[in-house]
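Peer 1:
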Amino acid sequence: MENSNTYEVLAIRYATLSNRKASENFIGGDPHEQGSDLDYYIWLARSSSRTFVIDTGFDSGVGARRGRKMSNPPGETLKRLGVDAGDVKDVVITHLHYDHVGNFALFPAATFHLQDDEMAYATGRLMAQKFFSQAYEVDEVVAMVREVYKGRVRFHDGDAELAPGFSLHRITGHTKGLQAVRVRTRAGWMVLASDASHLYANMNEKRPFPIVYDVPKMVAGWATLARLADAPELVVPGHDPLVMRRYPAAGAGLEGIAVRLA
Ligand SMILES: [Zn+2]
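Heads up: the sequence shown at position 250 corresponds to 1748 in this note's numbering, and the numbers run straight through without jumps.
(1) Within the same chain, show all residues whose beta-carbon is closer than 6 angstroms to that of Arg1566, passing over the 5 residues directly before and after it, in chain order.
(2) Considering just the uninterrupted stretch of the alpha helix (DSSP H) at Asp1659, what are its terminal residues?
(3) Buried or exposed: where does Val1765 fall if 16 or more other Cβ atoms within 10 Å of its Cβ makes it buried?
(4) Buried or exposed: Tyr1698, going by 16 or more other Cβ atoms within 10 Å of its Cβ?
(5) Considering only DSSP beta bridges, list what Val1757 is partnered with.
(6) Tell me the rounded alpha-carbon separation between Tyr1745 and Asn1570.
(7) Let's see if you can read the secondary structure: which residues bound the beta strand (DSSP E) around Pro1735?
(8) Let's see if you can read the secondary structure: which residues bound the alpha helix (DSSP H) around Tyr1698?
(9) Taking the straight line between their C-alpha atoms, what separation do you get for Gly1559 and His1595?
(10) Considering only the alpha carbon of each residue, which of Arg1548, Leu1752, Val1586, Gln1532 lies closest to Thr1609?
(11) Per the DSSP calculation, Tyr1539 is bridged to which residue(s)?
(12) Leaving aside the five residues before and after Tyr1634 along the sequence, list all residues of the same chain whose C-beta is less than 8 angstroms from its C-beta, in chain order.
(13) In whole angstroms, what is the alpha-carbon distance linking Val1757 and Ser1695?
(14) Taking only heavy atoms of ligand 1 into account, decide whether any of them is closer than 6 angstroms to the Cβ of Asp1553.
(15) Measuring only the C-alpha atoms, how far is Leu1660 from Ala1729?
(16) Of all the options Pro1606, Ala1562, Gly1719, Gly1561, which has the alpha carbon lying nearest to the alpha carbon of Asp1582?
(17) Candidates Phe1556, Leu1576, Arg1548: which alpha carbon is nearest Asp1588's?
(18) Any C-beta of chain C sitting closer than 7 angstroms to the C-beta of Ala1607?
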């Protein structure tokens, strides 16, 4: 276990989407060219004193309706990693898209950390247009509004330190209130980009992902991620299958399910 200011960080894969076209991963991508699969993740960061879960994954029913099959329910993987979701006190919601916010009922003791801009965006005028609303589930957005009324959502307006060595950073771009996580590890400052960069190629080849609120802000966000991390390889994208190959399994029997990022 790490000390109280240094975190162990894990990526937990719960689904995969195959048979994609390059045009589904990059604006201007070739619609005839095969594109990378997308993996679906939540993340866990823990020190000797704090445990943070970052995102909650899609609801299996919502996923099925959208043609995405859950392979490993995230709550079960957390349990295998020694974390009871029912006890987790802090859950960071990077943004309210269906694949990041679907299982928050698993976390009855948690405070949800969300950017002001994300709630404003997900409940605002642009949601009347399918281009902007397509990756949100209205029932999940409404459910999060109910959590606000219960006092369980802690809003942030830009950067926020939640504990020594663990902070939130509003990136915007993909959605208006998208936030990334910066966490101190034994390897240095690591950044969990979430959907600020779906794949390594989005940020490294400077090719924006086509589900987007503001393209220039998405592009500027890649520079912010790089600035926040101690080394380029310490920026972890939100949906890249390469993450599962670049890092070791988090334990016996967790091959293909969870990897240790640091
Ligand atoms: Zn996503």
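Ideal Cβ placement from N, Cα and C applies to all residues, glycine included.
Peer 2: With the given structure in hand:
(1) Hits under 6 angstroms: Ala1513, Leu1515.
(2) Checking the sequence, you will find Glu at residue 1659 rather than Asp. The continuous stretches of alpha helix (DSSP H) do not include Glu1659, which lies in the beta strand (DSSP E) extending over residues 1658 to 1661.
(3) Lying before the first or after the last residue shown, residue 1765 is absent from the chain, which here runs from 1499 to 1760.
(4) Sixteen is the threshold: when 16 or more other Cβ atoms of the shown chains lie within 10 Å of the Cβ of Tyr1698, as they do, the residue is buried.
(5) Beta-bridge partners assigned by DSSP to Val1757: Ala1509, Ala1747.
(6) Answer to the nearest angstrom: the Cα atoms are 18 angstroms apart.
(7) DSSP places Pro1735 inside the beta strand (DSSP E), whose first and last residues are 1733 to 1735.
(8) Where Tyr1698 is concerned, the enclosing alpha helix (DSSP H) stretches over 1698 to 1702.
(9) Annotation: Gly1559 to His1595 spans about 15 angstroms, alpha carbon to alpha carbon.
(10) Nearest Cα to Thr1609 within the set Arg1548, Leu1752, Val1586, Gln1532: Val1586.
(11) For Tyr1539, which the question treats as bridged, DSSP gives the partners Arg1511.
(12) Within its own chain, the residues whose Cβ lies closer than 8 angstroms to the Cβ of Tyr1634, once the five positions on either side in sequence are excluded, are Leu1594, His1595, Tyr1596, Ala1620, Met1625, listed in chain order.
(13) If you take the alpha carbons of Val1757 and Ser1695, they lie about 19 angstroms apart.
(14) No.
(15) Spanning the two alpha carbons is a distance of roughly 22 angstroms.
(16) The residue with the shortest Cα to Cα distance from Asp1582 is Pro1606.
(17) With distances taken between CA atoms, Asp1588 lies nearest to Arg1548 out of Phe1556, Leu1576, Arg1548.
(18) Note that chain C does not occur in the displayed structure, where there is just one protein chain.
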